[in-house]
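Report on one structure; see the data block that follows.
2 protein chains.
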Amino acid sequence: MVKMIALYKHPEDLDAFTQHYFGRHLELNGKTPGLIRTEVSKFFDLRGGTPEHYLMCEMYFENLDTLKASFKTPESQAAGADLQSFAGGLVSFSFAEVVAG
Amino acid sequence: MVKMIALYKHPEDLDAFTQHYFGRHLELNGKTPGLIRTEVSKFFDLRGGTPEHYLMCEMYFENLDTLKASFKTPESQAAGADLQSFAGGLVSFSFAEVVAG
């Protein structure tokens, strides 16, 4: 299993971001072919401070081939275009293979 | 559900790190009371470069109370001491609540 990890900085307009992300983007993202599971997590600081990032979204695929193949689909491209429309400057991506657990 | 996320920089001695981490640390860590699930992922770069981090370990707990309570247990403290013995300068922690997926 591999995953694409989207890491979001804190948005300036939290309400607008949250509304678009949870009300629209996640549904679009969920249509990505080959996507097995999505896990969205909101960071918090144990001491009540501000964590470095706001949100993390992990998207699981069977393997690297299915992940790469998904990029070429209209559904993935639509989700990507939507993302850029409201969070282009906030998000960064990394990729990882699940090796235990 | 909440998770503690341990993020590891690339170790200088990869073999020694890997041997200790997968051969010893994960087993110790798995004994932490209240720990529901652990997922370990190894980062890769889509273009074959070197990713920013080497490894991520996500440890899931039912809620913040069970996570905090686990810190006080001998098992968690043993895992923490073991971690400091071979990866103290490599690891950083963050915390997140799973909000979707």
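Quick mapping for you: the protein sequence lines, in order, are chains A and B. Each residue of the first sequence is one higher than the last, beginning at 33 in my numbering. Each residue of the second sequence is one higher than the last, beginning at 33 in my numbering. C-beta atoms are modelled at their ideal positions from N, C-alpha and C, and glycine is treated no differently. Bear in mind the structure is a predicted one, so any value in this text is a computation, not a measurement.
- Using a CB distance cut-off of 8 Å, glycine 112 of chain B does not count as an interface residue toward chain A.
- Each of B:Phe127, B:Ser124, B:Phe93 and B:Val34 was checked against the Cα of threonine 64 of chain B, and the nearest Cα belongs to B:Phe93.
- Within the stretch 44-80 of chain A, the complete beta strand (DSSP E) segments of 3 residues or longer fall at 67-76, listed in chain order.
- In the three-state reduction of the DSSP assignment, lysine 100 of chain B falls in the helix class.
- Shortest Cα-Cα distance from serine 124 of chain B to any of B:Val34, B:Ala38 and B:Leu99 involves B:Ala38.
- Aspartate 45 of chain A and alanine 48 of chain B have their alpha carbons spaced roughly 45 Å apart.
- In terms of Cα proximity to phenylalanine 54 of chain B, the closest of B:Pro83, B:Gly133, B:Ala132 and B:Met88 is B:Met88.
- Excluding its 5 nearest sequence neighbours in each direction, glycine 62 of chain B has C-beta neighbours in its own chain below 7 Å: Thr70, listed in chain order.
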